[in-house]
Amino acid sequence: MRPMTSLRDEARNPNTSRERLHELAHQPGDRGQHDSDAGWCREYVAANPNVGLATLQELAADMDDVMARRNAANNPVLDNQTLWMMIEDIDDLTADAARERLGLAPKPRPNTALRAVRIPVIDVKTGRVTKP
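First residue of the sequence shown? That's 3 in this note's numbering, and the numbers climb one at a time after it.
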């Protein structure tokens, strides 16, 4: 694993200015690349408690960056209006983080325990598969 870069350290530091955090959130580069400073900086900026609300709202709205959205939902700086827009997020962990901050129950999921499970039954005499 590559050591932490100075850009990533700066993005994680709660003493970094809001203007600098905004710059770090907009680093050029391939955010999808595993070891990209651009992607990691966005993730760390979204979790930083000193980030500006406008930058955090921008990261929370980016549907191409699930980790930035998830960290933004957990960040106490994010306003309730943005959290309400995130409660039905396609990523369940992001939706649950937003719901928890708003005092709501976790995102409803299909209850697999109550669904009838159809296990095929094999008749040993005939070898036929019968439905239960």
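Think of the CB as a built atom: it goes at the ideal place given N, C-alpha and C, for glycine as much as any other residue.
Query                                                                                                                                        : Result
Out of P51, D39, E25, G41, point me to the one whose CA is closest to N15's CA.                                                              : P51
With DSSP as the reference, label Y132 as helix, strand or coil.                                                                             : Note on residue identity: the sequence assigns Thr, not Tyr, to residue 132. DSSP places T132 in strand when its eight states are reduced to three.
Do you know whose CA, among A48, L55, I92, lies nearest N76's CA?                                                                            : A48
List the endpoints of the continuous alpha helix (DSSP H) containing A107.                                                                   : Run containing A107: none; DSSP gives neither H nor E here.
Alpha carbon to alpha carbon, how far is L106 from E12? Give it in angstroms, no decimals.                                                   : 34 Å
Residues in its own chain within less than 8 Å of E102 by CB, not counting five upstream and five downstream?                                : P108
What is the C-beta distance between L61 and R72, in whole angstroms, given that I count them as a contact (C-beta under 8 Å)?                : Going by Cβ atoms, the distance from L61 to R72 rounds to 10 Å, so no, they are not a contact pair.
Can you look up V123 in the DSSP assignment and give me helix, strand or coil?                                                               : strand
Which same chain residues, not among the five before or five after D39, have their C-beta less than 8 Å away from its C-beta?                : T7, L9, R10, Q29, G31
May I ask you to check if the CB of M88 is nearer than 6 Å to at least one heavy atom of the ligand GTP?                                     : As far as ligands go, the structure on display features none, and thus does not contain the ligand GTP.
Would you grab the beta carbon distance between A27 and R44 for me? Rounded to a whole angstrom, and I think it's under 8 Å.                 : 5 Å
Ordered along the chain, which non-local residues of its own chain (more than five positions away) have a Cβ less than 7 Å from that of A97? : M88, I89, E90, D91, K109
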